[in-house]
Amino acid sequence: MPPKKKDMGDPKKENINSVKSSGKNKKRKNALVSPDNLNVDSLPEKRSDYRASPCETMASQSQPVYMQPMNMSSMSNMNNYQSQPGAFYTPQQNIPPNTPYHINASPQMQPNIPPPTYNENFQKSVLDQLRSLDTRLNKLDLIETQLSNLTMKLSNMDVRVTSLEGTVRKVDSRVTDVETSRAFDSQTCEELKLKNTELDKALQAERRRIAELTSEFESLREVPDDIEDLRSRSMRCNLLFHGFPEEPSPAARRSENCAKTVLDHLVNSLEISHAHDLIKIERAHRLGAKYDVTKARPIVVMFNHYPDKMLVKQKAQEAWKKFNDSRKSSSYPKAPGARGAEGSDTPDANSMDETVPVQKPTISVSDQFPKTVQARRKSLLPAMINAKKSGKSAYLSYDKLYIDNKMYTTHTVSSSGFDIS
């Protein structure tokens, strides 16, 4: 059998043990050194005979100690503290603050504790980091202020949005009401349109009816003219005799023969000798319902034949013309006649007699007209008289006035120049 090799120590295990011992040494060193009992003059680096250990050399570098590589040879001494039976930690209870944590160690271990170091670069780095943190905190404060303002604005906006939502709800409700009212109004408008259509139809019917009534009214306005014309035609053969005395007693008035009275007047006054035989009277009576003592009622006579009426009217006009002519001639002396004896300057006595004036007729004769025509003739009579006084030829025919053969009515007589009204 091959000979057994001598058990050599594992370098990895040795390094681990050295690290453990160095950690224990660091705990012991930290327990002995504190800010209260630290004497700067007694620090090893202040002495002239001080020689920095590898760990101190690592702490003095620009990098932190935990970032620099460790010397494994220096850590081998740390394992010795673990292997020694006197090296152990004693727990400290009820230790007041700022009291250094003491590690109970054997007197053989205390001279090997490295003194604490003071690194200015590390302090500067910490201060720079603190300043950076302060700057960042200031920025965070600013951001917090901005966030607070933004939160406040958002809160105000939330309130406004809530108010706007309420307003929108109200507007929506009003719009709904308006739409409902609009629907009702639309229905009402449709009903009004239907009623308007019905009223339009009724109005058209009424207009047609009014047109018909207007036409009928115009035709009715022509009816009085037609009736008046018929009345005038029915009175075409009538004559009015004014001036016949009327009996005062009612019995005598009832027994009065108006036709005989008129015929006697025609024979005696108008010199119509054959009146009783040739002229036929259909009817003759007093015109008017009541007897008047102060004024005799005229007699209206209806002849059977129109020529008989015209003959009587002509004779009556001749009688009045003869009277007017005799009245005019009696106001002037008669012209001298022939001499009574030949060669004698003295006129004959018979030539000096004057014309005997004709007696004025007591009975006047006129045509009978309806009352409307009689009223129009009465309004035209003053213009006729004025025209005659001016030497114009004027006469009345029915309800029209003729002056120099120019016709005038009651509407145009004012333009004739002879109307006194």
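Quick note: the sequence shown uses our numbering, first residue 40, plus one each step. Glycine included, each C-beta is placed from N, C-alpha and C at the ideal position.
- Taking the CA atoms as reference points, K240 sits about 49 Å from S453.
- Per DSSP, the continuous beta strand (DSSP E) segment holding Y447 begins and ends at 445–447.
- In its own chain, leaving out the 5 sequence neighbours on each side, no residue places its CB closer than 8 Å to the CB of L231.
- In the three-state scheme derived from DSSP, where H, G and I count as helix and E and B as strand, K334 is classed as coil.
- Beyond the five residues adjoining it in sequence on each side, H324 comes within less than 6 Å, by CB distance, of C297 in the same chain, given in chain order.
- Closest in alpha carbon position to V340, among D265, T411, S365, F283, is F283.
- For R221, the enclosing alpha helix (DSSP H) starts and ends at 159–273.
- Taking the CA atoms as reference points, A291 sits about 46 Å from H450.
- Only buried fits H304, as 16 or more other CB atoms lie within 10 angstroms of its CB.
- Under the 10 Å beta carbon count, M191 is surrounded by fewer than 16 other beta carbons and is classified as exposed.
- Residue state for N277 is assigned as strand, using DSSP reduced to three classes.
- Listed in chain order, the non-local C-beta contacts of M274 below 7 Å within the same chain comprise Q407, F408, local neighbours out to five positions each way being set aside.
- The Cβ-Cβ distance between K348 and L278 falls below 8 Å.
- Taking a C-beta distance under 8 Å as the contact criterion, V301 and I320 qualify as a contact pair.
- For F362, the three-state secondary structure derived from DSSP is helix.
- Taking 8 Å as the cut-off, the Cβ atoms of V412 and S258 do not count as close.
- Under the DSSP definition of a beta bridge, V340 partners with L278, A323.
- As a beta-bridge residue in DSSP terms, S436 pairs with K439.
- Our two residues, V200 and D211, have alpha carbons roughly 16 Å apart in a direct line.
- For K234 and E255, the gap between their C-alpha atoms comes out near 31 Å.
- Here the alpha carbon of K431 sits roughly 12 Å from the alpha carbon of L440.
- In this chain, the beta strand (DSSP E) harbouring V404 covers 403–406.
- Distance from the CA of R322 to the CA of R366, rounded to the nearest whole angstrom, comes to 35 Å.
- Just measuring C-alpha positions, the residue of N343, F362, I182, N363 sitting nearest L317 is N343.
- Pairing F280 with K445, the inter-Cα distance amounts to about 30 Å.
- For L419, the enclosing alpha helix (DSSP H) stretches over residues 410–428.
- Close CB contacts of E286 within its chain, under the 8 Å cut and outside five residues either way in sequence, are with R292, E295 (chain order).
- A direct Cα-Cα distance of roughly 47 Å separates K417 from Q243.
- Between A426 and F457, the beta carbon gap of about 5 Å places them in contact (Cβ cut-off 8 Å).
- Straight-line spacing of the CA atoms in R208 and C228 works out to 29 Å.
- A distance of 8 Å or more separates the beta carbons of L350 and P337.
- The Cβ atoms of V404 and F362 lie no closer than 8 Å to each other.
- Spatial neighbours of I402 in its own chain (CB-CB distance under 8 Å, excluding positions within 5 residues in sequence) are listed in chain order as F280, H281, G282, F283, H304, S308, A355.
- Contact annotation: P400 and A358 have beta-carbon atoms nearer than 8 Å.
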